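> Sequence positions in the sequence shown follow this note's numbering and run 16 to 353. Here a beta-carbon is modelled for each residue, glycine too, at the ideal position from N, C-alpha and C. Small disclaimer: the values here were computed from a predicted structure and weren't measured.
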Amino acid sequence: MNMSMNKTEEIPKDANEHCPGPESEKAGQADACAGCPNQNICATAPKGPDPDIPAITERLANVQHKILVLSGKGGVGKSSFTSQLAFTLASDEDCQVGVMDVDICGPSIPTIMGVVNEQIHTSNMGWQPVYVQDNLAVMSIGFMLPDKDDAVIWRGPKKNGLIKQFLRDVDWGTLDYLLVDTPPGTSDEHLSLTSYLRESGIRGAIIITTPQEVALQDVRKEIDFCKKAKIPILGLVENMSGFVCPNCHGESVIFPPTTGGAEALAKEFGLKLLGKIPLDPRVAKSCDLGISFLDEYPDSPACTAYQAIIDMDGYTGYVLHCFSFLFTCKISFIFNMS
16 MNMSMNKTEE IPKDANEHCP GPESEKAGQA DACAGCPNQN ICATAPKGPD PDIPAITERL
76 ANVQHKILVL SGKGGVGKSS FTSQLAFTLA SDEDCQVGVM DVDICGPSIP TIMGVVNEQI
136 HTSNMGWQPV YVQDNLAVMS IGFMLPDKDD AVIWRGPKKN GLIKQFLRDV DWGTLDYLLV
196 DTPPGTSDEH LSLTSYLRES GIRGAIIITT PQEVALQDVR KEIDFCKKAK IPILGLVENM
256 SGFVCPNCHG ESVIFPPTTG GAEALAKEFG LKLLGKIPLD PRVAKSCDLG ISFLDEYPDS
316 PACTAYQAII DMDGYTGYVL HCFSFLFTCK ISFIFNMS
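Rendered as structure tokens:
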């Protein structure tokens with residue numbers, strides 16, 4: 016019997032009979048893989064112990080918290096969340112923050128963080144990330160494109176290779192937080208991250224959703240992925256949760272939570288609901304201009320939402336520390352378009 020067959024928890028539930036396991040050298044190529052819905056993913060994912068993992072682990076030895084920002088559905092505000100969370104953390108000058116954009120086919124972090132025209136430089140220490148400010152570094156494929164409108168048409172192995180380079184070759188230095196902005200779904204990028212970071216450790220994942228069931232359906236898959244990949248889930252954030260009129264302060268429902276929204280989903284899976292963030296059209300403007308929304312619009316109704324997040328009982332470590340800046344510095348942020 017193939018050694019990977021003993022790792023039954025790693026074999027997908029919908030796999031064919033006699034599945035060799037996703038980490039086997041024959042994954043996606045064995046006769047038993049024919050017709051399996053996971054065949055292409057398994058064929059392109061890293062196999063077995065990667066010789067570069069020790070180098071990655073050494074490179075990230077001084078990165079304290081590695082946080083994945085996930086979403087099942089695209090367009091729910093994941094990149095906006097990542098960028099504004101990074102700005103929030105970096106508002107403490109003693110906090111060193113990095114943002115790694117692995118949404119390879121749709122890199123929006125350079126635009127959102129105001130560094131769209133920057134390029135990557137190399138030194139004897141490796142690739143140098145682009146600095147938004149002294150304590151906020153960013154790495155994205157967007158810095159490597161000859162033209163920002165160029166399409167990235169890559170298959171899995173090439174994507175995997177770039178993610179490995181971001182982890183192995185970028186001189187991140189000493190970081191308190193490395194926030195990883197991922198593409199929607201559960202694709203090659205996610206498999207590569209979990210494989211490459213297995214030894215250095217992932218602090219956890221924050222999953223972003225919107226209230227409607229069409230988004231929650233994909234979040235359930237994302238939760239299942241995290242469980243199978245043994246990634247701790249720090250909690251859910253419901254984005255675009257209503258709209259508060261800046262004039263009358265009345266609240267309107269934009270995306271009806273027909274099945275209970277993120278709150279019901281969190282209860283279903285026993286997860287923490289970190290908060291519900293209302294819509295604000297000014298956040299889209301801030302993202303287009305590459306400026307910090309939280310610095311520009313501190314009077315946003317989101318202050319109330321984040322006060323509730325901070326006051327929640329049962330917070331541990333990272334989440335409490337992150338969002339405490341919002342209250343302490345009297346700033347707010349809303350995430351609504353990735």
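Tell me the DSSP bridge mates of serine 155?
Here the question's residue 155 lines up with position 140 in the sequence shown. Asp116, per the DSSP bridge assignment.
> Start and end of the alpha helix (DSSP H) containing serine 98?
In the sequence shown, counting from the first residue as 1, residue 98 sits at position 83. Per DSSP, serine 98 belongs to the alpha helix (DSSP H) from 93-105.
> Compute the Euclidean distance between the alpha carbons of isoleucine 82 and tyrosine 192, then round it to the nearest angstrom.
Taking the first residue of the sequence shown as position 1, residue 82 is located at position 67. Taking the first residue of the sequence shown as position 1, residue 192 is located at position 177. Distance between the alpha carbons of isoleucine 82 and tyrosine 192 is about 7 Å.
> Taking its Cβ as the centre, do 16 or more other Cβ atoms sit within 10 Å of alanine 49, making it buried, or is it exposed?
Sequence index remark: in the sequence shown, residue 49 carries index 34 (1-based). Exposed, since its Cβ has fewer than 16 Cβ neighbours within 10 Å.
> Tell me the DSSP bridge mates of leucine 194?
Position 179 of the sequence shown, counted from the start, is the residue given in the question as residue 194. According to DSSP, which records beta bridges pairwise, leucine 194 is partnered with Ile82 and Val114.
> Taking the C-alpha atoms as reference points, what is the distance between asparagine 150 and glycine 121?
One-based indexing of the sequence shown puts residue 150 at position 135. One-based indexing of the sequence shown puts residue 121 at position 106. So the alpha carbons of these two residues sit roughly 25 Å apart.
> In terms of residues, what are the limits of the alpha helix (DSSP H) holding lysine 174?
Translated into positions along the sequence shown, residue 174 becomes position 159. Segment 171-183, the alpha helix (DSSP H) holding lysine 174.
> With alanine 220 as the anchor, note down where its beta strand (DSSP E) starts and where it stops.
The sequence position of residue 220 within the sequence shown is 205, counting from 1. Start and end: 219-224.
> With distances taken from CA atoms, which of Pro293, Leu286, Pro199 and Val131 is nearest serine 256?
Here the question's residue 256 lines up with position 241 in the sequence shown. Comparing Cα positions, the closest option is Pro293.
> Does proline 199 have its Cβ less than 8 Å from a Cβ in chain D?
No chain D is present in this structure, which holds just one protein chain.
> So, with DSSP's three-state summary, where would you put tyrosine 312?
As a position in the sequence shown, residue 312 is number 297, starting the count at 1. Tyrosine 312: coil per DSSP, three-state reduction.
> Confirm, please, whether the CB-CB distance from glycine 87 to lysine 236 is below 8 Å.
On the sequence shown, residue 236 is found 221 positions in, with the first residue counted as 1. On the sequence shown, residue 87 is found 72 positions in, with the first residue counted as 1. Yes, the Cβ-Cβ distance between lysine 236 and glycine 87 is below 8 Å.
> Between the Cα of leucine 212 and those of Gln148, Ala105, Pro64 and Ile221, spot the shortest distance and give me the residue it belongs to.
Locating residue 212 in the sequence shown gives position 197, where the first residue counts as 1. Taking only the C-alpha atoms, the option nearest leucine 212 is Pro64.
> So is leucine 309 buried or exposed if we call it buried at 16+ other beta carbons inside 10 Å?
Residue 309 sits at position 294 when you count from the first residue of the sequence shown. Per the 10 Å Cβ criterion, buried.
> Just to confirm, is the Cβ distance from aspartate 164 to serine 94 under 8 Å?
If you number the sequence shown from 1, residue 164 lands on position 149. If you number the sequence shown from 1, residue 94 lands on position 79. No, they are not a contact pair.
> Return the chain-ordered list of same chain residues with a C-beta closer than 6 Å to the C-beta of aspartate 328, the five sequence neighbours on each side being excluded.
To locate residue 328, count along the sequence shown from 1; it is residue 313. With a pLDDT of 39 at aspartate 328, under the threshold of 50, the modelled position of this residue cannot be trusted; read the value that follows with caution. Excluding sequence neighbours, aspartate 328 sits near nothing in its chain.
> Would a C-beta distance cut-off of 8 Å place leucine 190 and asparagine 77 closer than the cut-off?
Translated into positions along the sequence shown, residue 190 becomes position 175. Translated into positions along the sequence shown, residue 77 becomes position 62. Cβ atoms of leucine 190 and asparagine 77: closer than 8 Å.
> Return the CA-CA distance between leucine 208 and aspartate 295, expressed in angstroms with no decimal places.
For the purposes of this step, residue 208 is taken as the residue at position 193 of the sequence shown. For the purposes of this step, residue 295 is taken as the residue at position 280 of the sequence shown. Rounded to whole angstroms, leucine 208 to aspartate 295 spans 32 Å at the Cα level.
> Going by the CB atoms, is the gap between valine 147 and valine 131 shorter than 8 Å?
Along the sequence shown, read from residue 1 onward, the residue named residue 131 stands at position 116. Along the sequence shown, read from residue 1 onward, the residue named residue 147 stands at position 132. No, the pair does not count as a contact, with Cβ atoms beyond the cut-off.
> Please state if the CB of alanine 220 and the CB of isoleucine 246 are separated by a distance shorter than 8 Å.
On the sequence shown, position 231 is the one that residue 246 refers to. On the sequence shown, position 205 is the one that residue 220 refers to. Yes. Within cutoff.
> The beta strand (DSSP E) that contains glutamine 148, what's its start and end?
By one-based count along the sequence shown, residue 148 stands at place 133. Element bounds for glutamine 148: 145-148.
> Where does phenylalanine 270 sit, in a helix, a strand or coil, going by DSSP?
As a first step, residue 270 is located in the sequence shown; it is residue number 255 there, counting from the start. Note: phenylalanine 270 maps to coil in three-state DSSP.
> From the DSSP output, which residues share a beta bridge with histidine 136?
Mapped onto the sequence shown, residue 136 falls at position 121. Partner(s): Gln143.
> Taking the continuous beta strand (DSSP E) assigned at lysine 291, which residues delimit it?
Position 276 of the sequence shown holds residue 291. Unbroken beta strand (DSSP E) run through lysine 291: 288-291.
> When burial is assigned at 16 or more other CB atoms within 10 Å of the CB, is aspartate 116 buried or exposed?
The sequence position of residue 116 within the sequence shown is 101, counting from 1. Aspartate 116 should be labelled buried.
> Go through the stretch 215-265 residue by residue and report every complete run of the alpha helix (DSSP H) that reaches 4 residues or more, in order.
Listed in chain order, they are 228-243.
> Quick one: what does DSSP say leucine 75 is sitting in, helix, strand or coil?
Position 60 of the sequence shown, counting from 1, holds the residue named residue 75. Coil at leucine 75, not helix or strand.
> I believe isoleucine 222 touches leucine 85 by the beta-carbon criterion, under 8 Å. Please report the beta-carbon distance rounded to the nearest angstrom.
The residue you call residue 222 lines up with position 207 of the sequence shown. The residue you call residue 85 lines up with position 70 of the sequence shown. With 8 Å as the limit, isoleucine 222 and leucine 85 qualify as a contact, their Cβ atoms being about 5 Å apart.
> Can you confirm whether the stretch 179-187 touches the stretch 157-171 when touching is taken to mean that 3 or more C-beta pairs between the two stretches lie within less than 8 Å?
Result no; under three Cβ-Cβ pairs closer than 8 Å.
> Would you mind working out which of Lys300, Glu214 and Ala244 sits nearest threonine 72, comparing C-alpha positions?
Locating residue 72 in the sequence shown gives position 57, counting from the first residue. Selected option, being the one with the closest Cα: Glu214.
> Determine the burial state of glutamine 134: buried for a count of at least 16 other Cβ atoms within 10 Å of its Cβ, exposed for fewer.
Position 119 of the sequence shown, counted from the start, is the residue given in the question as residue 134. The residue is exposed, with fewer than 16 neighbouring Cβ atoms inside 10 Å.
> Please report the residue range of the alpha helix (DSSP H) in which valine 167 lies.
The sequence position of residue 167 within the sequence shown is 152, counting from 1. Here valine 167 belongs to no alpha helix (DSSP H), and DSSP marks it neither H nor E.
> If you drop the 5 nearest sequence neighbours on each side, which residues of the same chain put their C-beta closer than 7 Å to that of glutamate 311?
Locating residue 311 in the sequence shown gives position 296, where the first residue counts as 1. Closer than 7 Å at the Cβ level, and outside the excluded window around glutamate 311, lie Ser301.
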